[in-house]
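Participant:
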Amino acid sequence: MKEAVLIAGVGKRFGEVQVLQEVTLSVGEGELFGFIGADGAGKTTLFRILATLLLPDEGRSEVLGLDVVRSYRDIRKRIGYMPGKFSLYPDLSVEENLRFFASVFGTTVEKNYELIRDIYSQLEPFKTRRAGKLSGGMKQKLALSCALVHRPEVLFLDEPTTGVDAVSRKEFWQMLGRLREQGMTILVSTPYMDEAVLCDRIAFMQEGRMLALDTPTGITTLFRKPLFAIRARETWRLLCALRASSHAASVYAFGSALHYTDNRPAVRADELLVALQADGFTEVSVSVIQPGIEDTFIALMEEKQGSDHV
Amino acid sequence: MSEPVIHTDKLTKRFGDFVAVDALSLTISSGEIFGFLGANGAGKTTAIRMLTGLLAPTSGKATVAGFDLYTGAEGVKRNIGYMSQRFSLYDDLTVRENIRFFAGIYGLTDQAIKEKSRQLLETLKLVAVADTRLASLPLGWKQKLAFSVAILHEPKIVFLDEPTGGVDPVTRRRFWDMIYEASGRGLTIFVTTHYMDEAEYCNRLCIMVDGKVAVLDRPEAMKRHFGVESMNEVFIQLARPHRTE
Chain A
131 MKEAVLIAGV
141 GKRFGEVQVL
151 QEVTLSVGEG
161 ELFGFIGADG
171 AGKTTLFRIL
181 ATLLLPDEGR
191 SEVLGLDVVR
201 SYRDIRKRIG
211 YMPGKFSLYP
221 DLSVEENLRF
231 FASVFGTTVE
241 KNYELIRDIY
251 SQLEPFKTRR
261 AGKLSGGMKQ
271 KLALSCALVH
281 RPEVLFLDEP
291 TTGVDAVSRK
301 EFWQMLGRLR
311 EQGMTILVST
321 PYMDEAVLCD
331 RIAFMQEGRM
341 LALDTPTGIT
351 TLFRKPLFAI
361 RARETWRLLC
371 ALRASSHAAS
381 VYAFGSALHY
391 TDNRPAVRAD
401 ELLVALQADG
411 FTEVSVSVIQ
421 PGIEDTFIAL
431 MEEKQGSDHV
Chain B
23 MSEPVIHTDK
33 LTKRFGDFVA
43 VDALSLTISS
53 GEIFGFLGAN
63 GAGKTTAIRM
73 LTGLLAPTSG
83 KATVAGFDLY
93 TGAEGVKRNI
103 GYMSQRFSLY
113 DDLTVRENIR
123 FFAGIYGLTD
133 QAIKEKSRQL
143 LETLKLVAVA
153 DTRLASLPLG
163 WKQKLAFSVA
173 ILHEPKIVFL
183 DEPTGGVDPV
193 TRRRFWDMIY
203 EASGRGLTIF
213 VTTHYMDEAE
223 YCNRLCIMVD
233 GKVAVLDRPE
243 AMKRHFGVES
253 MNEVFIQLAR
263 PHRTE
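As you go down the protein sequences, you meet chains A and B in turn. For the numbering used here, count along the first sequence from 1 and bump the result up by 130. For the numbering used here, count along the second sequence from 1 and bump the result up by 22.
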């Protein structure tokens, strides 16, 4: 596979703070690649370096075989970038924004309409509305249309779904899937772990470093302990009790269940069940489960940081 | 049964022809963790702005923390706490300055501010960084401080508007520990979130669709009713936005 993006030993610091440290990876042409991490993980800084808006302090990056520092002009024509912060013109209408971005890139909306039709058609009933007056979900669709209007070869989407509700998030990822089918390379960042499974490959980012890089299924093999899902009638009391237990290696709430690992090597689900029932818990269920992306992310975070979290 | 901390009866807000919140009726009791969910544009923000005394309702009745929304909006504001991801603390102020600033806003006396600051710094184990600017602290510490500052004046209820957006999965869970502890002490929690796993942690949930309450129940009951395994599935079935922009 040809590389669309190459990142080799990239580092960046702002004053005292090292915001990116030795990030190395490459993204193949046509790949949908996800950067998963919280605020402060360095995702935005990395995207700004790749979009030629920020100079790296260390390392080398290429987009479409072009160096991000030397060939920034050529790169800019061939990529689309949707920043995390809404950056369209609030005083221009939906249609004016789109036409403006098309003209900046020396093209027209009509010429590339096919590419954006899927997304833009949902906005067309409101095309005379000022962009500043759109709802969150609509703003996001307009921003994506504007980032696509010049038919870029690589698309950078920085947290496109932050603050967006679960339904709109699902629709947005369906749109990304269709763009990917058309062969576009897409780099997307998100704090939502559930979106990671929709990517071809993902990189876990935490405090400027890459914790892991693999396919969504591959990454979960980094979780090496047996994982149990435990439920009982009083979830909060269960959480406190398990945390206080000397056998507990980790206890985290996951929706209506707790995900638990034990520091005894061969403990069985039925043993845990009996112990909890003896402690007075009712409606207890314990089952062995496959770790998910979020379980793995947490485990790697803990491994990295030890106990320095408050 | 304790007195409700929030009681609304057909609370409504119109903007011109547009009904942003349509006959919202809620009763929330002391110590309850109440989740308020909905798609973007479903009316959540407008409802919260009314319940926090920032926006006058068009019609309907409501009392919050013992004050009437029409005649006692100032009383409401003094007796609630509020925290959101977007607006919480000032990064350019130190930990101590942030505490002093917000305590002052809520009208605590100088003596009380001094005492509260000392207590808070000790409980949160922030004494060593009391004079450090907030910007350089880890996110988890900031979140803890933001929550504690929002309830410094001992309100009956705290509104948390997407408090965990963009936060890492461990910090997000630690934040919920604080919510549970505070609710155990009798504080009422009114929380919005886009994380559907967090919806499961609430005692009761209300899902808004097009300005109306689509469903209000315990999470287990909702899942049973819709015959699904997770709140995410409930939300997706229910919250598809029909409203024209």
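Cβ atoms here follow ideal geometry from the backbone N, Cα and C, with glycine treated the same way. No experiment lies behind these values; they were computed from the predicted model shown.
For L150 of chain A, does the three-state DSSP call read helix, strand or coil?
Facilitator: Three-state DSSP puts L150 of chain A in a strand.
Participant: Taking C-alpha atoms, which residue in B:I50, B:D199 and B:L182 lies nearest to E25 of chain B?
Facilitator: Comparing Cα-Cα distances from E25 of chain B to each of B:I50, B:D199 and B:L182, the minimum goes to B:I50.
Participant: Is A261 of chain B close to chain A? Criterion is C-beta to C-beta, closer than 7 Å.
Facilitator: Output row for A261 of chain B: interface = yes.
Participant: In whole angstroms, give me the CA-to-CA distance for T266 of chain B and P213 of chain A.
Facilitator: With a pLDDT of only 43 at T266 of chain B, under the threshold of 50, the placement of this residue in the model should not be trusted; the figure read from the coordinates follows. Their Cα atoms are separated by approximately 26 Å.
Participant: Run down chain B in chain order and give the residues with a C-beta less than 8 Å from the C-beta of F177 of chain A.
Facilitator: By Cβ distance, chain B contributes nothing, its closest Cβ being about 15 Å from F177 of chain A, past 8 Å.
Participant: Can you tell me the Cβ-Cβ gap for A181 of chain A and Y211 of chain A, rounded? I've got them flagged as a contact below 8 Å.
Facilitator: At roughly 4 Å, the Cβ-Cβ gap stays under 8 Å, so A181 of chain A and Y211 of chain A are in contact.
Participant: To which residues of the same chain is G65 of chain B closer than 7 Å at the C-beta, ignoring the five residues directly before and after it?
Facilitator: For G65 of chain B, where only same-chain residues beyond five positions count, the Cβ hits under 7 Å are A42, V43, M230 and G233.
Participant: Quick one: is Y243 of chain A near chain B, going by C-beta distance under 7 Å?
Facilitator: With 7 Å as the cut-off, Y243 of chain A does not count as an interface residue toward chain B.
Participant: Could you check where the alpha helix (DSSP H) with D199 of chain B kicks off and where it finishes?
Facilitator: Counting along the chain, the alpha helix (DSSP H) containing D199 of chain B begins and ends at P191 to G206.
Participant: If we count Cβ pairs, one from each stretch, closer than 8 Å, do we get three or more for the region 315 to 328 of chain A versus the region 289 to 296 of chain A?
Facilitator: Yes: the two stretches touch, three or more of their Cβ pairs being nearer than 8 Å.
Participant: Give the single residue among B:I28, B:K136 and B:E203 whose Cα lies nearest to the Cα of L46 of chain B.
Facilitator: Nearest option by C-alpha distance: B:I28.
Participant: Pick out whichever of B:E54, B:F37 and B:D90 has its Cα sitting closest to the Cα of T68 of chain B.
Facilitator: Selected option, being the one with the closest Cα: B:F37.
Participant: Is the region 409 to 426 of chain A touching the region 345 to 354 of chain A, taking contact as three or more C-beta pairs under 8 Å?
Facilitator: With a cut-off of 8 Å, the region 345 to 354 of chain A and the region 409 to 426 of chain A count as touching, because enough Cβ pairs lie within range.
Participant: So is N254 of chain B buried or exposed if we call it buried at 16+ other beta carbons inside 10 Å?
Facilitator: Looking at its Cβ environment, which holds 16 or more other Cβ atoms inside 10 Å, N254 of chain B is buried.
Participant: Counting only Cβ pairs nearer than 9 Å, list the residues of chain E close to D288 of chain A.
Facilitator: Of the chains in the structure shown, none is chain E; the protein chains are A and B.
Participant: With DSSP as the reference, label C228 of chain B as helix, strand or coil.
Facilitator: DSSP places C228 of chain B in strand when its eight states are reduced to three.
Participant: Compare the Cα-Cα distances from R308 of chain A to each of A:K269, A:L245 and A:A387 and report the closest residue.
Facilitator: Considering only alpha carbons, the answer is A:L245.
Participant: Please report the distance separating the alpha-carbon of W198 of chain B from that of R208 of chain A.
Facilitator: For W198 of chain B and R208 of chain A, the distance between alpha carbons rounds to 44 Å.
Participant: Apart from the five residues just before and just after N242 of chain A, which ones in its own chain have a Cβ nearer than 8 Å to its Cβ?
Facilitator: Correct list, in chain order: A232, L278, V279, H280 and R281.
Participant: When the Cα atoms are used, what is the spatial distance from K257 of chain A to V224 of chain A?
Facilitator: Going by the C-alpha atoms only, they are around 5 Å apart.
Participant: Rounding to the nearest angstrom, what Cα-Cα distance links K35 of chain B and E311 of chain A in this structure?
Facilitator: About 44 Å.
Participant: Helix, strand or coil for A383 of chain A? Go by DSSP, reduced to three states.
Facilitator: Reduced to three states, the DSSP call for A383 of chain A is strand.
Participant: Can you check which of these residues, B:V189, B:L111 and B:T214, is closest to R71 of chain B by C-alpha distance?
Facilitator: Taking only the C-alpha atoms, the option nearest R71 of chain B is B:T214.
Participant: Let me check understanding here. Comparing Cα to Cα, which of B:V192, B:S158 and B:T186 lies closest to E433 of chain A?
Facilitator: Among B:V192, B:S158 and B:T186, the Cα nearest to that of E433 of chain A belongs to B:V192.
Participant: Among residues of its own chain, excluding the 5 on either side of V153 of chain A, which ones have a beta-carbon nearer than 6 Å to its beta-carbon?
Facilitator: These residues qualify, in order along the chain: I137, V140 and M340.
Participant: What would DSSP say about I188 of chain A, mapped onto helix, strand or coil?
Facilitator: It should be pointed out that residue 188 of chain A corresponds to Glu in this sequence rather than to Ile. E188 of chain A falls in the strand class under three-state DSSP.
Participant: In the structure shown, what three-state DSSP assignment does T238 of chain A receive?
Facilitator: DSSP places T238 of chain A in coil when its eight states are reduced to three.
Participant: So, with DSSP's three-state summary, where would you put S376 of chain A?
Facilitator: Note: S376 of chain A maps to coil in three-state DSSP.
Participant: In angstroms, rounded to a whole number, what distance separates the CA positions of G267 of chain A and R118 of chain B?
Facilitator: Distance between the alpha carbons of G267 of chain A and R118 of chain B: 38 Å.
Participant: Sort out for me which residues DSSP pairs A359 of chain A with in a bridge.
Facilitator: Bridge partners of A359 of chain A: A:H389 and A:S417.
Participant: Among the candidates B:G88, B:A84 and B:D39, whose CA atom is the shortest distance from the CA of P177 of chain B?
Facilitator: Comparing Cα-Cα distances from P177 of chain B to each of B:G88, B:A84 and B:D39, the minimum goes to B:G88.
Participant: Got a sec, what are the start and stop residues for the beta strand (DSSP E) I28 of chain B sits in?
Facilitator: Per DSSP, I28 of chain B belongs to the beta strand (DSSP E) from P26 to F37.
Participant: List, in order along the chain, the chain A residues whose C-beta lies closer than 7 Å to that of S252 of chain B?
Facilitator: What S252 of chain B touches in chain A: G385.
Participant: Taking only heavy atoms of the ligand ATP into account, decide whether any of them is closer than 6 Å to the Cβ of S52 of chain B.
Facilitator: No copy of the ligand ATP occurs in the structure displayed, which carries no ligand at all.
Participant: Applying the 10 Å Cβ sphere with the 16-neighbour rule, what's the burial state of K147 of chain B?
Facilitator: The residue in question, K147 of chain B, is exposed, as its Cβ has fewer than 16 Cβ neighbours within 10 Å.
Participant: Do you know offhand how far K132 of chain A's Cα is from L430 of chain A's?
Facilitator: Roughly 30 Å between the two C-alpha positions.
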